[in-house]
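Beneath this line is the structure, given in structure tokens, with notes to follow.
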Amino acid sequence: MKAFTTHRGLVSPMDRANVDTDMIIPKQFLKSIKRSGFGPNLFDELRYLDEGQPGADCSNRPINTEFPLNFPRYKGASILLARKNFGCGSSREHAPWALEDYGFNAIIAPSYADIFYNNCFKNGLLPVILSEEQVDTLFDEMEAQEGYQLAIDLHTQTVSTDTGHVFHFELDEFRKECLLQGLDEIGLTLQHADQIKAYEADRAQQHPWVFGAIK
Amino acid sequence: MGRTLYDKLWDSHLVKQNSDGSSLIYIDRHVIHEVTSPQAFEGLRLAGRAPWRLDTNIATPDHNISTDKAERGAGVAGMTDEVSRIQVQTLDDNCDLYGIKEFKINEMGQGIVHVMGPELGATMPGMTVVCGDSHTATHGALACLAHGIGTSEVEHVLATQCLVAKKMKNMRVTVNGTLGAGVTPKDVVLAIIGKIGTAGGNEHAIEFAGSVFRDMSIEGRMTVCNMAIEAGARVGMVAVDQKTIDYCEGRQFVPKGEMFEQAVDYWNTLTSDADALFDTEVTLQADDIAPQVTWGTSPEMVAPVTASVPTLDEQSSEERRKGLERALEYMGLEGGQAINSIKVDRVFIGSCTNSRIEDMRAAAAIARGRQVASSVKQVLVVPGSQMVKAQAEAEGLDKIFIDAGMDWREPGCSMCLAMNADKLGAGEHCASTSNRNFEGRQGNGGRTHLMSPAMAAAAAVAGHIVDVREFVGGDQ
């Protein structure tokens, strides 16, 4: 997995609460059997004026010029500034895949839906949680200044602005370590194979119906 | 101190507690479908790994398959959408390669993953159940610890039979009293979402408790647990009672004889202790719950059918006002408009929320002897599984729907998420028994109104949203 340590980049806005994963990547793109290539269809129904089709070239599609991601000033953004309960709804991991494929390395929001939050860490995408007030401050500064950038440091768990704000954020220790080192979680779990086998042997004694029924 | 049902399920699946606060949790049942598994199988192969255990997995295609009789009859090879065909073929190939039990596209047993698992007895009380689908909480109706996972975790479970997890907080939602005529499990869960909001259950596992759930059938409890995620909770559960045990007995993968008795002894312990503490408590009264309808673009934008669409000047904050304004614009509605004045263009009766036999019967009771309004373009009735379809046909429900002018379809997810040809056109309003009314969910520009099967059937007949209590009594 891709590691995340520090990142500095251009910030773009997604200024609405409860952005769902259907909005992040609509269902027709879930037919793909690949993990990559979802970036051009990120926020497809908001970015384009026509209906997107899987596999179709997006370069000549009519653009919704009122959607901020299409504003020239946000071209090349790598940090998405968002509102509360970001990523709610469907468990589709295609949502973080699309954000990552588009070029985002981090999201900043007051809260996330649980499954989406978890999925981000599997893909080297850092979902930062700041307070509503801090997010408001960042929105205000971003709107006021073209080319607005932020610096994120996962070691120190901070988001820094060029105006001198340093906002601390919390995250679970095990998630932080996996992301910092880009660890293979499956490999880590398999280091405990003996404990898993011991659990299974014990469980098969207690609850034998859990094993063997499906053939 | 006593333990909650969730505490007990968590404790009994704990393989290892790590010093960094995470835990390794054992997974008993892994349900697989075509959309969220191909990248996981590919990852497994790229890393040179094999599935940890085969007899834990059960697979079926459901999300993107056609519900049209002619196309379905032609099997996977006859799927007209080539991208979808490759995805379903990939599921078949992966299951065949590894020897994973799959109920293939037209095989008895196939169905929407969350209908199939319980009806086959593949999910049983006390199990941990995961699937690459957020509505996996459905299985919690059988006192399982069940939740949705992403594709990376699908691969993790395939490879290790475990997940790295952090324990959630406990929430209890209690509804006491008796539901009125025409008020169904769907109305109960929509009322709960309306009360706590779409993020109200974030970071929590919800146990549904109180007389309303005790009195409810197991299928009704599935409808409620199914939509826990729409309140933000990955997990929804109901404790074991005699109904749970009666439901499980005799199903295909449930043990028989002495082992069944042994299982029942354990299953009967799967309730929250009387002195267990919950981090969050929510209470509703059954008397206060009327048939519910969503008017907006989030499941929390819900109201009784007798109410009106909210107005901008009623909103408590600027954020709520902006959200409402956007939702009304998308939905083509005016603040203050009566909900029962909303005309419907299409009706969808189906999905993992409401496609079981009791749902089919509830819709048929309204459709019987009536006709779909001439202004309604299409009414799709999509049974949740081959077994539901067979049972409905044995009861003659298919004829009732067809006589009323509705389409009786083949099992699958269908217009709940519109990955196949079943979808709304831009601007069309749909009375839908599914679970999400997000923008574009049922088709680009489509406008979804979530409600119960009886309410959706009533809307089909009336041509607009209508209070099903005007129809109660069934036959004309």
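In order, the protein sequence lines correspond to chains X and W. Each residue of the first sequence is one higher than the one before, starting from 18 at the first, in the working numbering. Each residue of the second sequence is one higher than the one before, starting from 1020 at the first, in the working numbering. Think of the CB as a built atom: it goes at the ideal place given N, C-alpha and C, for glycine as much as any other residue.
Beta-carbon gap between residue i and residue j smaller than 9 Å
i          : j          : result
HIS1166(W) : VAL1148(W) : yes
GLY26(X)   : LEU155(X)  : no
LYS48(X)   : ARG1460(W) : no
ASN1373(W) : THR1242(W) : yes
GLN1405(W) : GLY1092(W) : no
SER1433(W) : THR1099(W) : no
TRP1427(W) : VAL1400(W) : yes
CYS1181(W) : TYR1045(W) : yes
GLY204(X)  : PHE21(X)   : no
LYS1205(W) : LEU1416(W) : no
VAL28(X)   : LEU97(X)   : yes
ALA1445(W) : ASN1463(W) : yes
ALA112(X)  : ASN58(X)   : no
Nonlocal neighbours in the same chain, by C-beta distance under 7 Å from residue i, ignoring five residues either side
i          : result
VAL1202(W) : ILE1308, ALA1309 and PRO1310
LEU1139(W) : GLY1128, ARG1270, GLN1271 and PHE1272
ILE1264(W) : VAL1283 and TRP1286
GLN151(X)  : PHE184
GLU1447(W) : ASP1364, ARG1365, GLY1465 and ARG1466
VAL1134(W) : CYS1371, SER1374, ARG1375, GLY1403, SER1404 and VAL1407
ASN1195(W) : GLY1229, SER1230, VAL1231, GLN1304 and ALA1305
ASN1125(W) : ARG1091 and GLY1094
Cutoff 6 Å; reference residue i; Cβ partners in own chain excluding five residues on either side
i          : result
ALA1218(W) : GLY1251
PHE228(X)  : ALA221
PHE103(X)  : VAL36, ALA126 and TYR129
GLU1238(W) : ARG1375 and GLU1377
SER1200(W) : The amino acid occupying residue 1200(W) in the given sequence is Ala; Ser does not appear at that position. Closer than 6 Å at the Cβ level, and outside the excluded window around ALA1200(W), lie VAL1491.
LEU66(X)   : PRO79 and ASN81
Contact set between residue i and chain X, taken where Cβ atoms lie within less than 7 Å
i          : result
PHE1272(W) : ALA230 and ILE231
THR1170(W) : GLU110
PRO1057(W) : ILE50
CYS1181(W) : THR206 and ILE213
Through-space distance from residue j to residue i, alpha-carbon basis
i          : j          : result
GLY1493(W) : VAL1324(W) : Per-residue confidence for GLY1493(W) stands at a pLDDT of 40, beneath the threshold of 50, marking its modelled position as unreliable; the derived number appears in the next sentence. The straight-line gap from Cα to Cα measures roughly 19 Å.
GLN1495(W) : MET1425(W) : With a pLDDT of 37 at GLN1495(W), under the threshold of 50, the predicted position of this residue should be treated as unreliable, and no value is reported.
ASP1081(W) : ILE1368(W) : 16 Å
GLU39(X)   : ARG109(X)  : Looking at the sequence provided, one finds Asp at residue 39(X) rather than Glu. Cα to Cα, ASP39(X) sits roughly 9 Å from ARG109(X).
LEU1161(W) : MET1143(W) : 6 Å
SER1360(W) : ARG1488(W) : 16 Å
VAL1398(W) : HIS1483(W) : 13 Å
THR23(X)   : LEU1073(W) : 41 Å
LEU1028(W) : THR1290(W) : 10 Å
SER1393(W) : ALA1384(W) : 20 Å
MET1246(W) : VAL1208(W) : 7 Å
LEU86(X)   : PHE60(X)   : 9 Å
ALA1479(W) : ALA1423(W) : 10 Å
MET1020(W) : ASP1026(W) : 12 Å
GLY164(X)  : ARG33(X)   : 21 Å
ARG1104(W) : ILE1225(W) : 37 Å
SER95(X)   : ALA1295(W) : 46 Å
ASP1234(W) : PHE1227(W) : 12 Å
Supposed contact pair residue j and residue i - C-beta distance, whole angstroms, cut 8 Å
i          : j          : result
GLN1356(W) : VAL1328(W) : 5 Å
VAL1254(W) : MET1187(W) : 7 Å
THR1170(W) : THR1055(W) : 5 Å
MET31(X)   : ALA99(X)   : 4 Å
ASN1189(W) : HIS1223(W) : 7 Å
GLY56(X)   : GLY120(X)  : 7 Å
LEU1043(W) : HIS209(X)  : 6 Å
ILE1084(W) : HIS1154(W) : Not a contact, Cβ separation roughly 17 Å.
GLU1319(W) : GLY1213(W) : 6 Å
GLY1040(W) : LYS1185(W) : 6 Å
Listed by chain order, chain X residues near residue i by CB distance under 9 Å
i          : result
ARG1455(W) : ASP37, ASP39, GLY106 and SER107
SER1041(W) : ASP189, GLU190, PHE191 and ARG192
Chain-ordered neighbours of residue i on chain C, where CB pairs are closer than 7 Å
i          : result
ASN1245(W) : This model lacks chain C altogether; the protein chains it does include are X and W.
Contact set between residue i and chain X, taken where Cβ atoms lie within less than 8 Å
i          : result
THR1035(W) : Checking the sequence, you will find Lys at residue 1035(W) rather than Thr. Simply HIS209 and GLN212.
HIS1175(W) : GLU202, ILE203 and THR206
ILE1077(W) : ILE231
Proximal residues of chain W, C-beta to C-beta of residue i below 8 Å
i         : result
GLU68(X)  : ASN1463
ALA130(X) : ALA1218, ASN1221 and GLY1251
PRO85(X)  : Residues of chain W passing the Cβ test: none, with the nearest at roughly 14 Å.
LYS139(X) : GLY1169, SER1171 and GLU1172
Neighbouring residues, chain W, relative to residue i (Cβ below 9 Å)
i        : result
LEU47(X) : VAL1054, THR1055, HIS1082, ASN1083, GLN1106, LEU1436 and MET1438
Residues near residue i in its chain [Cβ-Cβ closer than 8 Å; skip 5 each side]
i          : result
HIS1052(W) : ALA1078, THR1079, PRO1080, ASP1081, HIS1082, LEU1110, VAL1132, CYS1150, GLY1151 and ASP1152
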